[in-house]
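Each remark here refers to the structure printed beneath this line.
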Amino acid sequence: MALETLFSKFQINSMELKNRAVMPAIGTGYGNKDSTVSDRLIAYLARRARGGTGLIITEICAVDPRGRGFKAEVGIWDDSFIPGLSGISDAVHREGGKVAAQLHHAGRETFKEVLDALPEAPSAIPSVILNQPCEEMSIDRIHAVVNAYGSAALRAKKAGFDAVEIHGAHGYLITQFLSPFSNHRSDEYGGTDEKRARFAIEIAEAVRRSVGPDYPVLMRVSADELIRGGYDLEFMKWLAPNLEAAGVDALHVSVGVYSTPGNLSIPSMDTEEGFNLFRARAIKELVSIPVIGVGRIHDPRLAEEALQRGDADLISFGRQHLTDPDFLLKARKGDYDDIRWCMACNQGCIERLSYEMKSATCSLNPECGQEYRGEPQKVLSPKRVWIIGAGPAGLSAALTAKKRGVDVEVLEREQEAGGQLISASKPPHKEGLSVWYRWALRQAKKAGIPVKCGITVTRELLEKEKPDAVVLAAGALPVVPKISGIDGTHVYDARDVLLEKVPFSGPAVVLGGGYVGMETMDFLLEKGIGVTLLEMQDFPPVGKHTAHGYWLHRRIRKGGGTIVTGAKVTEIHRSSVSFIKDGIVTELSPVNMVVTALGVCPEHQLADVLTSMAIPFLSAGDVISPRRIIEAIHEGHRAGLEI
Ligand SMILES: Cc1cc2nc3c(=O)[nH]c(=O)nc-3n(C[C@H](O)[C@H](O)[C@H](O)COP(=O)(O)OP(=O)(O)OC[C@H]3O[C@@H](n4cnc5c(N)ncnc54)[C@H](O)[C@@H]3O)c2cc1C
Ligand SMILES: Cc1cc2nc3c(=O)[nH]c(=O)nc-3n(C[C@H](O)[C@H](O)[C@H](O)COP(=O)(O)O)c2cc1C
Ligand code: SF4
């Protein structure tokens, strides 16, 4: 596909863009503790600009200290921030890109640790998700915040930004005013649609006044809150022309707020690609300013189709910029197989930022956020390094070590490379995991890394071949607890079920409610097999708070699956399973198949062998302790840098 429309120039007010690809705001947590811009943030954004994106939008920048939503959120509330902010615009310009600053006030959607004062909001209604008290804003305070947006926009202009984007989406302060759910005011800022819209419109007008008529002003909106009692698309269709009249030059049409079920603002792998484009189109039909479409659009070919259909004028690629900053350059050359695709897992980016309180990165791209460290040092005299295991940790280690000039070889016991990702990619919506390991194997082939399958590394082999050093990435194997009857011929490990190595016959019982158990249940339900899941803990280990967790629970519920928590399995029989819950023994029957998903155990036996043979080695991934893809890929990368 030629991608002619995507790579055509585009004008927003006085700003000429070299193409219609946008990197939307992505909060990183890379700012300094005092809210100033860090070298890390600059290097990360410059790297994205080098990939050829037409317009880069910075992450949220707080227009007021009380409007910070995250620790280390970049500030734009004072002139003292201008020199630091100029570092971003200079760096993006040096790469030939254009950059807009996103102006933000979190209102009630802020974490406890961030503010010394109570968060402020249109009404004193706590955030549904973050659930901390907040204070109703006085009229004076509303006017002050409106002015703060105007002053912040002027600072962005002075700092060399090509545009500003007012963040009116995702449940932050502006959305809180727009929403009948969070705005219960009875003064001129609440009550009717017009009054709830007043705050947003006054901000757009203040920004326009402050920056003059030619300077591009974008506004991000959530087209629909998708919550009970919130505003909907019809309201946004009414508001959009009013925002245009207030001086907005382009509308960036996102969706959802913090409490939208399934987090559709940052949709997971469970949500269809391009699912939000119809909302961009609905708004585009009513305004004469450009509209930017966003929401799980990772593939430039999908963007081209959307642009050609007229759904939007520009397309935002969010997380794809984290996973592969060169994806547009590769797409332009038609090298789609070389693109490292975002799998919409949210694990390394938004969930790390919001749930783990750590800076964002990408599970699949260990270099995301590390750009400021520069290129890794090449080795002077290449060593012969064995990588044991071709799972994500081993493949990641091999790719990085090879880049440094190390003579690497990957040895894998199974007949196929990929490790646990082979079975992990089988449940519904999880194909992205196999896309990653196929990408990694392709890169390994291109780099000339031998990946030898069907070879088990043993002490004997190590003694015979004597590699100079080793990366031990041998992963983990399923544990089989001592339960009477677990050795029955109708009892299978979840991985064997997912790989369809065993015959299916329902009704089935899955033992263990972690991701492996839940996803195997999802897999079986999709195949029409009735499943009951027994979990020993009193609550399902997979919560509904993450997007994937939410959709997983929902599919299981709709598919007729039953989850029993607090259930300790005591015995497996040929056609039933006994468990004890609240002191009562229950026999579940009939049961034709039992599936175990009871955890994994590291395969670290070779660590002792390597130590005793004095072969230097580094370990990475599940072999250290069973965890996730992010740890495997990032630790593998680190081992590849250090070996
Ligand atoms: C069904 C399922 C679903 C999952 N879903 C997710 C998910 O959604 N998100 C997530 O983050 N994580 C998920 N995981 C966990 C994730 O797959 C693992 O954390 C990850 O694969 C660990 O990577 P690794 O490279 O350390 O080990 P592995 O993937 O286990 O790879 C180790 C490799 O080493 C090989 N090996 C072992 N010993 C030797 C030897 N002596 N010689 C040669 N080769 C050897 C093994 O055969 C294996 O291929 C899932 C796991 C499963 C099973
Ligand atoms: C880690 C992370 C941080 C984000 N921070 C912001 C932000 O600061 N401002 C904003 O408007 N949207 C933010 N978003 C939403 C993205 O801009 C984008 O709308 C969303 O990821 C959906 O697009 P995608 O499917 O192309 O990734 C963030 C998303 C992620 C993953
Ligand atoms: S962590 Fe997952 S969702 Fe986030 S950018 Fe990486 S692959 Fe995409």
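Reading the sequence shown from the start, the letters are residues 0 to 642 in numbering that gives the first Met the number 0.
Beta carbons are placed, not taken as given, at the ideal position from N, Cα and C, and that holds for glycine.
Contact check for T259 against E224 passes: the beta carbons are separated by less than 8 Å. Proximity of the stretch 135–144 to the stretch 212–221 falls short of the contact definition, fewer than three beta-carbon pairs being nearer than 8 Å.
One thing to note: A45 has its Cβ no nearer than 8 Å to the Cβ of A99.
For A168 and A279, the gap between their C-alpha atoms comes out near 14 Å.
Here I288 has E243, V247, D248, A249, L250 as same chain residues with Cβ atoms under 7 Å from its own Cβ, once five neighbours each way along the sequence are excluded. Taking 7 Å as the cut-off, the C-beta of Q346 counts as close to a heavy atom of ligand 1.
Assignment of beta-bridge partners to L617 by DSSP yields V470. Distance from the C-beta of V62 to the nearest heavy atom of ligand 2 is not below 7 Å. Taking the C-beta atoms as reference points, G512 is found nearer than 8 Å to E534. Contact between E135 and A147 fails: their C-beta atoms lie close to 18 Å from each other, not under 8 Å. Contact between V407 and I454 does not hold, since their C-beta atoms are separated by about 15 Å, which reaches or exceeds 8 Å. Buried is the label assigned to P466, since at least 16 other Cβ atoms lie within 10 Å of its Cβ. Between G527 and the set L510, E15, G560, the nearest pair of CA atoms involves G560. In the DSSP secondary-structure assignment, M14 is bridged to I11.
By the neighbour-count definition (other C-beta atoms within 10 Å, threshold 16), Q419 is a buried residue.
Its chain contains V21, M22, P23, A24, A99, Q101, E164 as the residues whose beta carbon lies nearer than 7 Å to that of I56, once the 5 sequence neighbours on both sides are disregarded; these appear in chain order. In this structure, the CA atom of A239 is about 16 Å from the CA atom of D310.
Taking 7 Å as the cut-off, the C-beta of A245 does not count as close to any heavy atom of ligand 3. DSSP places W340 outside any alpha helix (DSSP H), giving it a letter other than H or E.
Shortest gap from the CB of C600 to any heavy atom of ligand 3: 7 Å or more. Rounded to whole angstroms, P506 and V530 show a C-alpha spacing of 6 Å. Proximity of the beta carbon of L217 to ligand 1 is not indicated: no heavy atom of the ligand is located closer than 7 Å.
Within 7 Å of the C-beta of I387 there is at least one heavy atom belonging to ligand 1. Contact holds between the stretch 598–606 and the stretch 621–628, because three or more Cβ pairs, one in each stretch, are under 8 Å apart. Relative to ligand 3, even the nearest heavy atom lies 7 Å or more away from the CB of M22.
N262 has its alpha-carbon roughly 19 Å from the corresponding atom of L177. With fewer than 16 neighbouring CB atoms inside 10 Å of its own CB, G582 falls in the exposed class. Y491 has V594 as its beta-bridge partners, per DSSP. When DSSP states are grouped into helix, strand and coil, D406 belongs to the strand group.
It is roughly 43 Å from the alpha-carbon of S185 to the alpha-carbon of T360. In terms of CA proximity to V568, K580 leads the group G558, K580, E630. Following the DSSP letters along the chain, one finds L328 inside the alpha helix (DSSP H) bounded by residues 326–332. In this structure G333 does not touch I296 by the C-beta definition: roughly 19 Å separates them, more than the 8 Å allowed. Taking 3 residues as the minimum length, the beta strand (DSSP E) runs contained wholly in the stretch 96–126 are 97–103, in order along the chain.
Per DSSP, the beta bridge partners of F578 are V568, T585. Look at V293: its beta carbon is less than 7 Å from one of the heavy atoms in ligand 2.
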